[in-house]
Structures are given as structure tokens and as C-alpha cells.
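Asks:
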Amino acid sequence: NEDYEMAAASTIKVLVSLAVIDAINSGEVSPDQFVKYDKAKHYESGAGYYQSVKNFTGATVWELVEKMIVYSDNIAWKMLYDVVSKEEVFAYYTELTGKKMEHTDTAYMTTSDTNIILTELYEHKDEPYYNDVFNWMAETENQSRIYAASEYEVHHKIGDLYVGSALYTHDTAIVMAPEPYII
Numbered sequence: 134n135e136d137y138e139m140a141a142a143s144t145i146k147v148l149v150s151l152a153v154i155d156a157i158n159s160g161e162v163s164p165d166q167f168v169k170y171d172k173a174k175h176y177e178s179g180a181g182y183y184q185s186v187k188n189f190t191g192a193t194v195w196e197l198v199e200k201m202i203v204y205s206d207n208i209a210w211k212m213l214y215d216v217v218s219k220e221e222v223f224a225y226y227t228e229l230t231g232k233k234m235e236h237t238d239t240a241y242m243t244t245s246d247t248n249i250i251l252t253e254l255y256e257h258k259d260e261p262y263y264n265d266v267f268n269w270m271a272e273t274e275n276q277s278r279i280y281a282a283s284e285y286e287v288h289h290k291i292g293d294l295y296v297g298s299a300l301y302t303h304d305t306a307i308v309m310a311p312e313p314y315i316i
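Under the numbering used here, the residues of the sequence shown are numbered 134 to 316, in order.
As C-alpha cells, then:
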């Protein structure tokens, strides 16, 4: 079902990180730019690092990307939308996939879309910023699913999300087998 649209859950965070890199490379954003935390605007329960940081005031763009990828931090993810808007992320998605991002209260992607996004990351994995995201996906806090099942080095991003009564449980990965592949 590679063309079936599903709630992206936290797998969209890879797309967000690539949109941030695109904005950094175009000079629109600095990785050292400080993003101020506003609890009323940015707090999101669930996965994360910053939920447990006392007196959190904010972080740099690149620190937010790291926490979003390694810890699947939802606060970092929401704060990054102050740097690259959802509209900019959706436009970047269209640039990569040639399709309009379907979204309601959550974004929807297909496994074909995810393959395109991970291929973009893989093809640039030796370049500044991309290499950080690629490596952080191997160091992710959650080392279950594909990561745990593979004998090879795995760079992955998982996501779990309830939409109504449906639970979407995802894992998407670049597996560094003798012939690397995306799953």
C-alpha cells in the first residue's frame, strides 16, 4: 500500500528537519538562531526531552532539530514551526514529492512520500546539517522496531499517533546493509 495516505505521526519530523536545512542553506535561517519558548503556544505532551527541563526558556534552531530527531521532542517540533512555518514545510514537501500535503489536524503521507524524503536525506548524508540528522537518526532514543530487528546500522524515525480511535504506528528507516535500502 505504498500510495495509501496515513497520518504521518512523528515521521514528519524528518521532513521538518530537511525543511529547516533548506532554510539554513538558503540563508533564511541561522542554526544558531535562538527560539524563545512560549508554553501556551509550544507545549505538547507526549514524546520529548524539553517536557522535563525545568525553567526551559528556549534553544537554538539546531538544538531543537537535534531534540526533535533524537528524542522525538514535540515541543521542539512545535517551536521549529516558528522558524519554518507549516506552509513552508508543506511547500518543501511539494517540491520533493510533486504532491500537495494532505492535512487536517495532522499531516498525511504515503510510504512512497517517505521514501522520497529519506532518499533526499541519504543522498546528502555527507553534507553539513544533513549528516547531523542522518547520524541522530542512528542515535535515536527509541531503538525498537526496525532498529532492534536489523543486524545492520539503522537510521530511523518512529511515530505513534491516535487519530480518533485509530492508532498509527510507524517506523521508517535507512538500513545500512551492504546495499543500503529504505524501508
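Yeah, the Cβ is synthetic: ideal placement off N, Cα and C, and Gly gets one too.
How would you label residue 153, buried or exposed, when you count the other beta carbons within 10 angstroms and need 16 or more for buried?
Replies: Start at 1 with the first residue of the sequence shown, and residue 153 comes out as number 20. That one is buried.
Asks: At which residues does the beta strand (DSSP E) containing residue 186 begin and terminate?
Replies: Taking the first residue of the sequence shown as 1, we reach residue 186 at position 53. No beta strand (DSSP E) holds residue 186; DSSP gives it neither H nor E.
Asks: With DSSP as the reference, please indicate the residues paired to residue 305 in a beta bridge.
Replies: Here residue 305 refers to the residue found at position 172 of the sequence shown. In the DSSP output, where bridge partners are listed per residue, residue 305 has 290.
Asks: Of the residues 158, 139 and 228, which one's Cα is nearest the Cα of residue 195?
Replies: The residue labelled residue 195 in the question sits at position 62 within the sequence shown. The shortest Cα separation from residue 195 among 158, 139 and 228 belongs to 158.
Asks: In terms of alpha-carbon separation, which member of 308, 260 and 206 lies closest to residue 185?
Replies: Counted from its first residue, the sequence shown places residue 185 at position 52. With distances taken between Cα atoms, residue 185 lies closest to 206.
Asks: Between which residues of its own chain and residue 198 is the CB-CB distance below 6 Å, once the five residues before and five after are set aside?
Replies: Start at 1 with the first residue of the sequence shown, and residue 198 comes out as number 65. So the list reads 150 and 153, once near-sequence residues are dropped.
Asks: Could you name the residues of the same chain whose beta carbon sits closer than 8 Å to that of residue 202, not counting the 5 residues immediately before and after it, in chain order?
Replies: Looking up residue 202 in the sequence shown gives position 69. Hits under 8 Å: 146, 147, 150, 266, 269, 270, 273 and 290.
Asks: With which residues is residue 140 paired in a DSSP beta bridge?
Replies: Start at 1 with the first residue of the sequence shown, and residue 140 comes out as number 7. Note: residue 140 sits in a beta bridge opposite 241.
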